[in-house]
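Trainee: One structure, as structure tokens, below. Some questions next.
Number of protein chains: 2
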Amino acid sequence: MPNPLVLKLENLVRLSAPERDVLERLTRDAVHVGPGQDLVREGDALPSVLIVLQGYACRYKLLPDARRQITAYLIPGDFSGLHLPFPDRMDCSVGTLSACLVARVPHATMSALMEEHPGIASAMRRAAFADEAVLNEWVVNIGRRTSYERLAHLFYELLIRHRAVGLAHGDGYDFPLTQADLGDTMALSTVHVNRTLQALRSDGLIGLERKRLDVLDVERLKSSGMFNPNYLYFDPDRRQTERSAATV
Amino acid sequence: MPNPLVLKLENLVRLSAPERDVLERLTRDAVHVGPGQDLVREGDALPSVLIVLQGYACRYKLLPDARRQITAYLIPGDFSGLHLPFPDRMDCSVGTLSACLVARVPHATMSALMEEHPGIASAMRRAAFADEAVLNEWVVNIGRRTSYERLAHLFYELLIRHRAVGLAHGDGYDFPLTQADLGDTMALSTVHVNRTLQALRSDGLIGLERKRLDVLDVERLKSSGMFNPNYLYFDPDRRQTERSAATV
DNA sequence: CGGCATTTTGACAATCGTCAATCAGTGTGG
DNA sequence: CCACACTGATTGACGATTGTCAAAATGCCG
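If you read the protein sequences in the order shown, they are chains A and B. Counted from 1, the first sequence has number 202 at position 192 by our numbering; the numbering is strictly sequential. Counted from 1, the second sequence has number 62 at position 52 by our numbering; the numbering is strictly sequential.
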């Protein structure tokens, strides 16, 4: 099975065979974690770099009254906590949403490796930066789009991200989250997520059953979410937009 | 007049006198830019590193139908676009909200400087990371807080950030934005911003007039926004929270 | 003073959240 | 194999927050 971290990075940088080897060894001893488990909690000391190899994890924060906001999904190939020994402790929590396979790489190991392999270092930093661009887009999504647009946007983004790591099956991908998780992601109530999903389904944009999401009309989903691939640095469509923007 | 970039970085790293000198020279030839001007537009090639020395700038995105979402404020000492020659072009725009004084540092200059002064390099990277933590918190703020909490949280955050660069006057600071700008920041309509500001005022939490914001009750503003300083790496209060968290 | 941007108000509508109940799916133990 | 429990999905009724529209008031600047 191809290594999702290698696949993710290869969208951003050309890796040499030895570099790929190093990355595969890095993620060799990963552990299975059940769903709904915290990998790190806000306030904890900085953990190792967490690399997700299977399943969905997320970064999230809790408010004192238990409102939860998920600020990022970590799908296979995504990692968290690259920034070396700064700051002193976590400003948010990381937890699993589904059963996951997760590698923990100590910071010392990671920095030694990045020193020895500048290509990997560069790739990892670019990936971290690309993830920040996703966060930025999520602000726009949550702040300025309707519930319908929001979910359309999210499902399209996830399609591209799954494709980038070879985990899309046609236009579909695994989606094992509950509607409550979706609500905490897109800042909607569970009930409203449910109603909006029904609208997306009855408009023929998506199918969602048995923990699998199928995009039934890729173009219409993309435009319904007002999706602009500008921010997805690993999306092949991005270059095309660039060219057309240059022409204007 | 003390250099806001130096002040900002000194919250994160101890700088040597020569390092401070280098930074001051770096920001010496800055240009004045009027309010409402774009410094870079989404899709443009990567510009120089932009360092704000006076005024409010912001990062923002526009949707096709002109909805706008501001995703970050750049106040004096803040910068944008540190990430070297990646990606190829901007995924969001940067513009001024008020009249600003802005330094543009070419990437070549910046990377040479960072190579020669690892202390500065480390400080700048930490600052960039700290800014990402702010973005993360904004997702929570916009997603999970009411309009009242949202504005309280923002005004408290800005107080801490202004203090960090020596620009708070007592518990007040410059705030030259319009209510429309505030709405595009916190994902509220202008009308609702107005109503919420009136509530904050009549509760005695803030005063806001003649482009100046005064926090009238710091503690109550902080708790109204459910403010947790965990994410503000330059907030002196942060360490205290850390200690008490460790005791629990 | 006149013009323009911004703030403020009021009335009304739409989106979205809450509450509470029901339905469906899954897994367990007898 | 079925009863049972539990989680998650779905529905309906209702209410609250927030947005929209439009107008009036205020403030700012030349």
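Cβ atoms here follow ideal geometry from the backbone N, Cα and C, with glycine treated the same way. Computed from a predicted structure; not experimentally measured.
Pick out whichever of A:115, A:85, A:78 has its Cα sitting closest to the Cα of residue 196 of chain A.
Mentor: When only C-alpha atoms are compared, the closest one is A:78.
Trainee: Alpha carbon to alpha carbon, how far is residue 54 of chain A from residue 116 of chain A?
Mentor: Each residue's alpha carbon lies about 15 Å from the other.
Trainee: Report the rounded CA-to-CA distance for residue 104 of chain A versus residue 46 of chain A, giving the unit in angstroms.
Mentor: 10 Å
Trainee: Under DSSP, the alpha helix (DSSP H) around residue 18 of chain A begins and ends at which residues?
Mentor: 14 to 20
Trainee: Since residue 143 of chain A and residue 241 of chain A are thought to touch, with beta carbons under 8 Å apart, how far apart are those beta carbons, to the nearest angstrom?
Mentor: Residue 143 of chain A to residue 241 of chain A, Cβ: 4 Å. Contact.
Trainee: Measuring only between beta-carbons, confirm whether residue 105 of chain B sits less than 8 Å from chain A.
Mentor: No, because no Cβ of chain A sits closer than 8 Å to the Cβ of residue 105 of chain B.
Trainee: Out of B:39, B:62, B:42, B:40, which has the shortest C-alpha to C-alpha gap to residue 17 of chain B?
Mentor: B:62
Trainee: Using a cut-off of 7 Å between C-beta atoms, extract the partners of residue 236 of chain B located in chain A.
Mentor: When 7 Å is used as the limit between beta carbons, residue 236 of chain B is near these residues of chain A: 73, 74, in chain order.
Trainee: Going along chain B, which residues have a C-beta under 8 Å from residue 81 of chain A?
Mentor: 146, 149, 150
Trainee: Work out the CA separation of residue 204 of chain A and residue 27 of chain B for me, nearest whole Å.
Mentor: Taking C-alpha positions only, residue 27 of chain B is separated from residue 204 of chain A by approximately 59 Å.
Trainee: I want to see whether chain A comes within less than 8 Å of residue 87 of chain B, judged by CB atoms only; does it?
Mentor: With 8 Å as the cut-off, residue 87 of chain B does not count as an interface residue toward chain A.
Trainee: What's the gap between the Cα of residue 52 of chain B and the Cα of residue 93 of chain A?
Mentor: Residue 52 of chain B and residue 93 of chain A: Cα-Cα distance of roughly 26 Å.
Trainee: Spatial neighbours of residue 232 of chain A within its chain, please: CB distance less than 7 Å, with the 5 preceding and 5 following residues excluded, ordered by chain position.
Mentor: 166
Trainee: Measuring CB to CB, does residue 86 of chain B end up less than 8 Å from residue 175 of chain B?
Mentor: yes
Trainee: Output needed in chain order: residues of the segment 43 to 70 of chain B with a Cβ under 8 Å from some Cβ in chain A.
Mentor: 52, 53, 69
Trainee: Residue 76 of chain B: buried (16+ other C-beta within 10 angstroms of its C-beta) or exposed?
Mentor: It counts as exposed.
Trainee: By alpha-carbon positions, which one of B:24, B:138, B:30 ends up nearest to residue 281 of chain B?
Mentor: This structure leaves residue 281 of chain B out entirely; chain B is present only between 11 and 258.
Trainee: Work out the CA separation of residue 201 of chain A and residue 185 of chain A for me, nearest whole Å.
Mentor: The straight-line gap from Cα to Cα measures roughly 18 Å.
Trainee: For a cutoff of 8 Å on Cβ pairs, would you count residue 241 of chain B as touching chain A?
Mentor: yes
Trainee: Among the candidates A:239, A:44, A:119, A:50, whose CA atom is the shortest distance from the CA of residue 229 of chain A?
Mentor: Residue A:239 is the option with its Cα nearest to residue 229 of chain A.
Trainee: Pull up the DSSP beta-bridge partners for residue 55 of chain B, would you.
Mentor: B:99
Trainee: Answer with buried or exposed for residue 235 of chain B, where buried requires no fewer than 16 other C-beta atoms within 10 angstroms of its C-beta.
Mentor: buried
Trainee: Alpha carbons only, please: which of B:222, B:162, B:220 is nearest the one belonging to residue 206 of chain B?
Mentor: Of B:222, B:162, B:220, the residue nearest in Cα terms is B:162.
Trainee: Name, please, each residue of chain B whose Cβ falls closer than 7 Å to the Cβ of residue 93 of chain A.
Mentor: 139
Trainee: Residue 183 of chain A by DSSP, collapsed to three states: which one?
Mentor: DSSP, read as helix, strand or coil, puts residue 183 of chain A in strand.
Trainee: Closer than 7 Å, Cβ to Cβ, to anything on chain B: give me those residues from the segment 107 to 130 of chain A, in chain order.
Mentor: none
Trainee: Let me check one thing: in DSSP terms, what residues is residue 91 of chain A bridge-paired to?
Mentor: None; residue 91 of chain A has no bridge partner.
Trainee: By the 10 Å Cβ neighbour count, where 16 or more other Cβ atoms means buried, how is residue 81 of chain B classified, buried or exposed?
Mentor: buried
Trainee: For a contact meaning CB atoms closer than 8 Å, what does residue 185 of chain B contact in chain A?
Mentor: Here the premise fails: no neighbours, minimum Cβ distance about 20 Å.
Trainee: Using a Cβ-Cβ cut-off of 8 Å, state whether residue 101 of chain B counts as contacting chain A.
Mentor: yes
Trainee: Mind checking residue 37 of chain B: buried by the 16 CB within 10 Å criterion, or exposed?
Mentor: buried
Trainee: On a Cα-Cα basis, can you pick out the residue from B:150, B:101, B:172 that is closest to residue 71 of chain A?
Mentor: B:150
Trainee: For residue 25 of chain A, which residues of its own chain have a beta-carbon under 8 Å away from its beta-carbon, when the five flanking residues on both sides are left out?
Mentor: 16, 19, 33, 129, 130, 133
Trainee: What residues from the segment 159 to 172 of chain A come within 7 Å of chain B, judged by C-beta to C-beta, listed N to C?
Mentor: Those residues of the segment 159 to 172 of chain A that come within reach of chain B (Cβ to Cβ, closer than 7 Å) do not exist; the list is empty.
Trainee: Assuming contact is defined by CB atoms lying nearer than 8 Å, are residue 89 of chain A and residue 60 of chain A in contact in what I supplied?
Mentor: yes
Trainee: Mind checking if residue 97 of chain A is an interface residue toward chain B, Cβ cutoff 8 Å exclusive?
Mentor: yes
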